[in-house]
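Protein chains in written order, with my numbering: chain A, 1 to 199; chain B, 1001 to 1199.
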C-alpha cells in the first residue's frame, strides 16, 4: 500500500512508521519534517499535499495538539484550542481526502486515553478525544467507495513518560510496539467506525 | 432547590421543567424566551445571567445547535458550528458558573444519541455529543466545592419526531417523561461524570 503518515516525527507517529514501513510505501508529512510539508489547519495546504502524493491507499494522522491545565485555569479558549488543533484538523484531513484515497482505503486518526480514564490536567484533551470518537462512529457509515475510518486511542506511551508522566498518576504505560499494532489493525484490517483503545 | 434551566422552551428543556418545577424553583433562561435572556455564545451574557440569579443549587442546559448533513456536503465549518454552538457554549456555562453554584450543587448538560447510534445526517451532532461526553468525564474530577457534572443524552423525542424523524430510521422514540427523569436523576441524585443515556 501507499500510505500518507501525518505527524510521523512524534512519539505516536513513529510507532505507526515502525510497524508499517517494512511492508508498505510510507509518505511522511508534517509541519516541520517529513517528505511533504503540511499544515492541517490550512485546507489549502492539505489539498496541496493530496495533489502532491496522488492517489493513496491509506491516510494515518498522528497529529494534534491540545492545552493541558486545571479546570479552574481554563476558559472556553482552552477547549477551543484542542477542538481546532486536534479535532477539526483531523476531520479536515478526512474530508479533503475522500477523493484522494483509493476504493477500499482507510483513514486512521489519533485521539488518546483521557476521555475514558481522565486525569486532572486533561479536560481539554478528553473533550477533543470524545469528539473524535463521535466523529468516526458517525462518519464511518457515510463514507463513499467502501472507505474505512477509525481512531487509535493510546494510553501514555513509555517513550513519552518523561514529558507527561507526572500528569498521569497510576496509568500503565503502553509500549510503542502495541500502539503500532493498533495502526496496523486499522490500515491492514477491515474494521471501521471504531475507537481502537491501547490501554 | 433554586435551579437555572437554559433552553427551557425547547422540546428537551420542557421535559426538565415538567419533571422538576413542582418540587423546585426554576429560573428559565434562553436567547428569546424565559425569565432571563442569555446568549451562551457570549461570556459576558453568561456572567450577567449568574449575577442576576445569584447563587443557585443547580444549572441545567438544554441548549445547543448543530448542523445536519451528509458527509460529502460537509466542511470543517460544519463541524465547527456544532463544536461552537453545542459544546463550547455549554462548557462556558460550566466554567462561568463554578462560583455561582452552591456547595454540592450540579451542572447537567445535554448531548444526544448520535455518537452511539449514528444516522447518515448526523456526523456533526455525533462529534459534538462525543466532545461533551469526554468533557463531563474529565471535568467532573476537577470540580471544586463537591460540585457534580453530568450530561443527559436522549434519543429522538416523540414530540420532536415530526421535525427530525425522517433522519432517524428505525430509532425508537423516547417519551418526554423518560427524558425528564434523566434530568431529575442528575439534579436530585448523586452521580457525577456520567453520560445519562435515554434510549
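Glycine included, every Cβ here is placed at the ideal spot set by N, Cα and C.
Give the C-beta separation of residue i and residue j to the nearest angstrom, bearing in mind that I take them to be a contact with Cβ-Cβ under 8 Å.
i, j, result
"residue 1004 of chain B", "residue 1025 of chain B", "10 Å between Cβ atoms; not a contact."
"residue 1053 of chain B", "residue 1091 of chain B", "Going by Cβ atoms, the distance from residue 1053 of chain B to residue 1091 of chain B rounds to 19 Å, so no, they are not a contact pair."
"residue 1059 of chain B", "residue 1097 of chain B", "5 Å"
"residue 199 of chain A", "residue 155 of chain A", "5 Å"
"residue 1100 of chain B", "residue 131 of chain A", "That pair is no contact at about 27 Å."
"residue 1183 of chain B", "residue 1020 of chain B", "6 Å"
"residue 1192 of chain B", "residue 1148 of chain B", "4 Å"
"residue 1224 of chain B", "residue 23 of chain A", "Nothing about residue 1224 of chain B can be read from this structure; chain B reaches only from 1001 to 1199."
Output needed for residue i: all residues of its chain with C-beta closer than 6 Å, excluding positions within five of it in sequence on either side, in chain order.
i, result
"residue 68 of chain A", "121"
"residue 1094 of chain B", "1107"
"residue 66 of chain A", "82, 86, 124, 125, 128"
"residue 1134 of chain B", "none"
"residue 18 of chain A", "180"
"residue 6 of chain A", "29, 61, 63"
"residue 1031 of chain B", "1039"
"residue 169 of chain A", "none"
"residue 161 of chain A", "173"
"residue 1057 of chain B", "1001, 1002, 1102, 1105"
Identify every residue that forms a DSSP beta bridge with residue i.
i, result
"residue 65 of chain A", "In the DSSP output, where bridge partners are listed per residue, residue 65 of chain A has none listed."
"residue 1185 of chain B", "The partner list for residue 1185 of chain B (beta bridge, DSSP) is empty, contrary to what the question assumes."
"residue 1005 of chain B", "B:1028, B:1060"
"residue 174 of chain A", "A:157"
"residue 1122 of chain B", "B:1069"
"residue 1012 of chain B", "In DSSP, residue 1012 of chain B forms no bridge with anything."
"residue 197 of chain A", "A:153"
With a threshold of 7 Å on Cβ separation, who are the neighbours of residue i within its own chain once the five nearest residues in sequence on each side are excluded?
i, result
"residue 1114 of chain B", "1122, 1125, 1126, 1129"
"residue 159 of chain A", "11, 176"
"residue 1110 of chain B", "1012, 1061, 1062, 1064, 1151, 1152"
"residue 186 of chain A", "106, 108, 150, 152, 196"
"residue 46 of chain A", "38, 40, 92, 93, 96"
"residue 1034 of chain B", "1008, 1009, 1028"
"residue 141 of chain A", "193"
"residue 1049 of chain B", "1029, 1036, 1038"
"residue 1137 of chain B", "1193"
"residue 1112 of chain B", "1125, 1129, 1153, 1154"
"residue 1188 of chain B", "none"
Between which residues of its own chain and residue i is the CB-CB distance below 8 Å, once the five residues before and five after are set aside?
i, result
"residue 1157 of chain B", "1011, 1012, 1015, 1173, 1174, 1175, 1176, 1179"
"residue 1055 of chain B", "1002, 1100, 1101, 1102"
"residue 167 of chain A", "68, 119, 120, 121, 122"
"residue 1144 of chain B", "1098"
"residue 1164 of chain B", "1156"
"residue 1084 of chain B", "1041"
Could you work out which residues of chain E lie near residue i, taking near to mean beta carbons separated by less than 8 Å?
i, result
"residue 1088 of chain B", "The chain labelled as chain E is not found among the protein chains of the depicted structure, namely A and B."
Would you say the beta carbon of residue i is closer than 7 Å to some non-hydrogen atom of the ligand GDP?
i, result
"residue 1113 of chain B", "As far as ligands go, the structure on display features none, and thus does not contain the ligand GDP."
Handout entry: Secondary structure, beta strand (DSSP E): runs of 3+ residues fully inside the segment 1130-1172 of chain B
Key = 1148-1154
Practice task
Could you name each continuous beta strand (DSSP E) segment of 3 residues or more that falls completely within the segment 1034-1066 of chain B, going from the start of the chain to the end?
Solution key: The segment 1034-1066 of chain B contains these whole beta strand (DSSP E) runs: 1056-1061.
Handout entry: Residues from the segment 111-139 of chain A in contact with chain B, defined by Cβ distance under 8 Å
Key = 114, 115, 116, 118, 119, 120, 122, 123, 125, 126, 127, 128, 129, 130, 131, 132, 133, 134, 135, 137, 138, 139
Practice task
Jot down the residue ranges of each uninterrupted alpha helix (DSSP H) in the segment 76-114 of chain A, minimum 4 residues, whole runs only, in chain order.
Solution key: 76-82, 89-97
Practice task
Would you list, in chain order, the members of the segment 62-76 of chain A that have their beta-carbon closer than 8 Å to a beta-carbon of chain B?
Solution key: Answer in chain order: 70, 71, 72, 74, 75, 76.
Handout entry: Where the segment 22-53 of chain A meets chain B: residues whose CB sits under 8 Å from a CB there
Key = 43
Handout entry: Selection of the segment 142-167 of chain A by Cβ proximity to chain B, strictly under 8 Å
Key = 142, 143, 144
Problem - Contacting positions in the segment 1091-1102 of chain B - beta carbon closer than 8 Å to chain A - result: 1091, 1092, 1095, 1098
Exercise for the section: Could you name the residues of the segment 171-195 of chain A whose beta carbon sits closer than 7 Å to any beta carbon of chain B, in the order they occur along the chain? Expected result: The segment 171-195 of chain A vs chain B, Cβ under 7 Å: nothing.
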